[in-house]
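>
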Amino acid sequence: MIYSLAVPGPIEDVEEVRVLEWHGEAGRAFAPGELVVELETHKALVEVRAGQAGVLRRILCPSGDWRAVGEPLALLSDGPDEALPADAEGLASLAVDFEVS
Amino acid sequence: MSSEAVVKLFFREAIARAMREAMAADPRVILLGQDVGDFGGSYKEFVGLKAEFGASRVRDTPVAEAAMVGLGVGAAAAGLRPVVSITYMDFLMLGLDPLVNYAAKARFKTGGQITAPVVIKTTAGAKGQGVAHSQSIEAWLMSVPGLKVVAPSTPADAYGLMKSALRETGPVLYVDHKRLFPMAGELPRGEAFVPIGQAVVRRVGRHVTVATHAYMTRVALDAAEQLAATGVEAEIVDLRSLAPLDIDTVATSAARTGALLTLEEGQLTCGVGAEIAFQVRERVPSLKVARVGALSAPVSSNPVLEAAVVPDASRVAAAVRHLLQA
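Just so you know, the sequences run in chain order A and B. With the numbering used here, letter number 2 in the first sequence gets 782, and the count goes up by one each step, no holes. With the numbering used here, letter number 258 in the second sequence gets 404, and the count goes up by one each step, no holes.
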């Protein structure tokens, strides 16, 4: 199954975030609890951790680019070889844990 | 992409960029304030400046606003270009004597022999912090001869107005707003300046002119959306500078629409809107005019009462409808 990793929220006052750093490239498998991506808000960092196992397949928003809360950042899948759709439209959301610091 | 002509930054980063460029270009530019050093500013708007320019040019001060502004004004008169950060505008009251009686008057009093090019950078507005941390009192200072007052509503203007403020020969009060800091926006990649004294039309419309500034520009734009749904086209003028006031831009718009609504977060009595309404009506006598501002009560730390006191988009839209029916 293919999942969309979206900018998590709500985060108080936050409309848009900038991707600071991806912790892995397409092909990396994440276990639950592993740090996938760090996001910058206007005053804080957001650590986004995998809430379920998955393989990072395609980064839609590279470091330095911006997304609004709820918009897709990447596609992940259960297995490493599942065919990917053209975009994140209609995909299930990847479970994530996130912490604002 | 680095090849693009614009770069997107958070509001705080736009301020930091203006400071960084000014400090790199001119060794006379220094920064004074509470938590401006290692902490990087109350809104992180000065992050990195101490590391880059050193503790002698980025100085943390005690909680002593009269001394901070006094120090800045004196240093300016002695040849530096200080930026004094006063975290909340409410606290600027303690520093008004050096700002109003010394900095603003220095050039007049000395026949131009002494000037005080100090920038007082402060933050206005209601955002859950109660009676003494929430005020928008920029109207108090619009009437001081020799003092310029600017109030950005976008990251690009935060950058460009600070750049211009740091080239002035006299003091500038630079007022941002707590609710602007979550914003991000595009800036020119290259160095740029926003002239002080030049308003900008943020939205074009033909039925009513709304003249506003700072965060209320966003409220006005939201109100314009509501009004557009019912066929009313509001033109939104963002003043950007309160002293000098760009009455030409407001009056030109109001002469075309025939109706002027002024909108501010501060008090209406002797407010920004009172001044604009009078000056525009001197030029456009047949104009319909109304004002929207805070209710005559302090901003409460109770969020329900705070929201009741300061204007919101629904109140602005209702005031426009009422004005156009009058």
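We put the CB at the ideal spot given by N, CA and C, even for glycine. Since this is a predicted model, take the numbers as computed values, not measurements.
By how many angstroms is the C-alpha of B:GLY200 removed from the C-alpha of B:ALA389?
Along the second sequence, read from residue 1 onward, the residue named residue 389 of chain B stands at position 243. Along the second sequence, read from residue 1 onward, the residue named residue 200 of chain B stands at position 54. Rounded to whole angstroms, B:ALA389 to B:GLY200 spans 33 Å at the Cα level.
> With distance defined between alpha-carbon atoms, name the residue in A:GLU805, A:HIS822 and A:LEU871 nearest to A:VAL816.
Within the first sequence, numbered from 1, the residue matching residue 816 of chain A stands at position 36. Checked all of A:GLU805, A:HIS822 and A:LEU871; the closest Cα to A:VAL816 is A:GLU805.
> Is it buried or exposed, B:ARG352, if we count other Cβ atoms within 10 angstroms and call 16 or more buried?
Within the second sequence, the letter at position 206 stands for residue 352 of chain B. That one is exposed.
> Listed from N- to C-terminal order along the chain, which residues in the stretch 284-302 of chain B have their beta-carbon within a distance smaller than 9 Å of any beta-carbon of chain A?
none
> Using the C-alpha atoms, what's the distance from B:VAL229 back to B:LEU155?
Translated into the one-based positions of the second sequence, residue 155 of chain B becomes position 9. Translated into the one-based positions of the second sequence, residue 229 of chain B becomes position 83. Near 21 Å, if we compare the C-alpha coordinates of B:VAL229 and B:LEU155.
> Can you list, in chain order, the residues of its chain with a C-beta nearer than 7 Å to that of A:GLU820? Leave out the 5 residues immediately preceding and following it.
Residue 820 of chain A sits at position 40 when you count from the first residue of the first sequence. VAL797, ARG798 and LEU800.
> Taking the beta strand (DSSP E) that B:HIS323 falls in, what are its first and last residues?
Taking the second sequence and counting its residues from 1, the one referred to as residue 323 of chain B is at position 177. Unbroken beta strand (DSSP E) run through B:HIS323: 318-323.
> Could you say which of A:ALA786, A:GLY813 and A:LEU836 lies nearest to A:GLU862 if we only look at CA atoms?
Within the first sequence, residue 862 of chain A is the residue found at index 82, counting from 1. Closest by alpha carbon: A:LEU836.
> Would the stretch 417-424 of chain B count as touching the stretch 392-408 of chain B if we require 3 or more Cβ pairs under 8 Å?
yes
> Tell me the rounded alpha-carbon separation between B:SER299 and B:VAL152.
Position 153 of the second sequence, counted from the start, is the residue given in the question as residue 299 of chain B. Position 6 of the second sequence, counted from the start, is the residue given in the question as residue 152 of chain B. Distance from the CA atom of B:SER299 to the CA atom of B:VAL152, rounded to whole angstroms, is 18 Å.
> Taking the alpha carbon of B:LEU271 as the point to measure from, which residue in B:HIS468, B:LEU326 and B:LEU333 has its own alpha carbon closest?
Residue numbering aside, residue 271 of chain B sits at position 125 when the second sequence is read from its first letter. The question names Leu, but residue 271 of chain B in the sequence shown is Gly. For the residues B:HIS468, B:LEU326 and B:LEU333, the minimum Cα distance to B:GLY271 belongs to B:LEU326.
> Determine the extent of the alpha helix (DSSP H) in which B:TYR305 is found, giving its start and end residues.
Along the second sequence, read from residue 1 onward, the residue named residue 305 of chain B stands at position 159. Unbroken alpha helix (DSSP H) run through B:TYR305: 301-311.
> Specify the secondary structure class of A:ILE839 as computed by DSSP and reduced to three states.
In the first sequence, counting from the first residue as 1, residue 839 of chain A sits at position 59. It is a strand residue.
> How should B:VAL277 be labelled, buried or exposed, when 16 other C-beta atoms within 10 angstroms of its C-beta is the threshold for buried?
Locating residue 277 of chain B in the second sequence gives position 131, where the first residue counts as 1. Answer is exposed; the Cβ neighbour count stays below 16.
> Can you give me the start and stop residues for the alpha helix (DSSP H) that B:MET285 sits inside?
Residue mapping note: residue 285 of chain B aligns to position 139 of the second sequence, counting from 1. For the sequence presented, residue 285 of chain B should be read as Ala rather than Met. In the DSSP assignment, B:ALA285 falls within the unbroken alpha helix (DSSP H) covering 284-287.
> Does A:HIS822 get closer than 9 Å to chain C when you measure Cβ to Cβ?
This model lacks chain C altogether, as its protein chains are A and B.
> Please classify B:GLN471: is it buried, with 16 or more other beta-carbons within 10 angstroms of its beta-carbon, or exposed?
For this step, residue 471 of chain B is matched to residue 325 along the second sequence. Counting Cβ neighbours within 10 Å, B:GLN471 comes out exposed, since fewer than 16 surround it.
> Mind the definition here: the stretch 375-387 of chain B touches the stretch 426-442 of chain B only if three or more C-beta pairs lie below 8 Å; say whether that holds.
no
> Consider the Cβ of B:LYS100: report whether some Cβ of chain A lies at a distance smaller than 9 Å.
Limits of chain B in this structure are 147 at one end and 472 at the other, which puts residue 100 of chain B out of reach.
> Excluding sequence positions up to five away, which residues of its chain have a Cβ less than 8 Å from the Cβ of B:ARG158?
Counting from 1 along the second sequence, the entry for residue 158 of chain B is found at position 12. Hits under 8 Å: GLY187, TYR189, LYS190, GLU191, VAL193 and PHE327.
> Excluding the 5 residues preceding and the 5 following B:ASP303 in the sequence, name in chain order all residues of the same chain whose CB lies nearer than 7 Å to its CB.
Translated into the one-based positions of the second sequence, residue 303 of chain B becomes position 157. Around B:ASP303: VAL340 and ARG386.
> Rounded to the nearest angstrom, how far is the Cβ of A:GLU827 from that of A:GLU818, given a contact under 8 Å?
Here the question's residue 827 of chain A lines up with position 47 in the first sequence. Here the question's residue 818 of chain A lines up with position 38 in the first sequence. Right, their Cβ atoms sit about 6 Å apart.
> Can you tell me whether B:LYS251 is buried or exposed, with buried defined as 16 or more other CB within 10 angstroms of its CB?
By 1-based counting over the second sequence, the position of residue 251 of chain B is 105. Classification of B:LYS251: buried, given that the 10 Å Cβ count is 16 or more.
> Give the straight-line distance between the Cα atoms of A:GLU795 and B:VAL321, rounded to the nearest whole angstrom.
Here residue 795 of chain A is taken as the residue at index 15 of the first sequence, counted from 1. Here residue 321 of chain B is taken as the residue at index 175 of the second sequence, counted from 1. Spanning the two alpha carbons is a distance of roughly 22 Å.
> What are the boundary residues of the alpha helix (DSSP H) that B:ARG437 is part of?
In the second sequence, residue 437 of chain B corresponds to position 291, counting from 1. Careful: B:ARG437 lies outside any alpha helix (DSSP H), inside the beta strand (DSSP E) at 434-440.
> Tell me whether B:ARG158 sits in a helix, a strand or coil according to DSSP, three-state version.
Start at 1 with the first residue of the second sequence, and residue 158 of chain B comes out as number 12. Helix.
> Please list the segments of the beta strand (DSSP E) lying wholly inside the stretch 315-401 of chain B, counting only runs of 3 or more residues, in order along the chain.
318-323, 330-334, 346-349, 354-358, 380-384 and 387-389
> Answer with buried or exposed for B:ASP184, where buried requires no fewer than 16 other C-beta atoms within 10 angstroms of its C-beta.
Within the second sequence, numbered from 1, the residue matching residue 184 of chain B stands at position 38. With fewer than 16 Cβ atoms within 10 Å of its Cβ, B:ASP184 is classed as exposed.
> Between the stretch 357-371 of chain B and the stretch 455-465 of chain B, are three or more C-beta pairs nearer than 8 Å?
yes
> Could you check whether A:SER784 and A:ALA875 sit closer than 9 Å to each other, using their CB atoms as the reference points?
In the first sequence, residue 875 of chain A corresponds to position 95, counting from 1. In the first sequence, residue 784 of chain A corresponds to position 4, counting from 1. The answer is no: Cβ separation not under 9 Å.
> Quick check on the burial criterion: 16 or more other C-beta atoms within 10 angstroms. Buried or exposed for B:LEU245?
Start at 1 with the first residue of the second sequence, and residue 245 of chain B comes out as number 99. Classification for B:LEU245: buried.
> Is there at least one Cβ from chain A nearer than 9 Å to B:PRO334's Cβ?
Looking up residue 334 of chain B in the second sequence gives position 188. No, because no Cβ of chain A sits closer than 9 Å to the Cβ of B:PRO334.
> Using alpha carbons as the reference points, say which of A:GLY859, A:LEU825, A:HIS803 and A:GLU792 lies closest to A:VAL842.
Here the question's residue 842 of chain A lines up with position 62 in the first sequence. Reading off the sequence shown, one finds Pro at residue 842 of chain A, where the question assumed Val. It is A:HIS803.
> Would you say A:TRP846 reaches chain B, if we count a Cβ-Cβ gap shorter than 9 Å as a contact?
Working through the first sequence from its first residue, we reach residue 846 of chain A at position 66. At least one chain B Cβ lies under 9 Å of A:TRP846.
> Closest Cβ-Cβ distance between B:MET169 and chain A: below 9 Å?
For the purposes of this step, residue 169 of chain B is identified with residue 23 of the second sequence, where counting begins at 1. It does not: the Cβ of B:MET169 has no partner Cβ on chain A nearer than 9 Å.
> Classify B:VAL175 as helix, strand or coil using the three-state DSSP reduction.
For the purposes of this step, residue 175 of chain B is taken as residue 29 along the second sequence, with counting starting at 1. Residue state, collapsed to three classes: strand.
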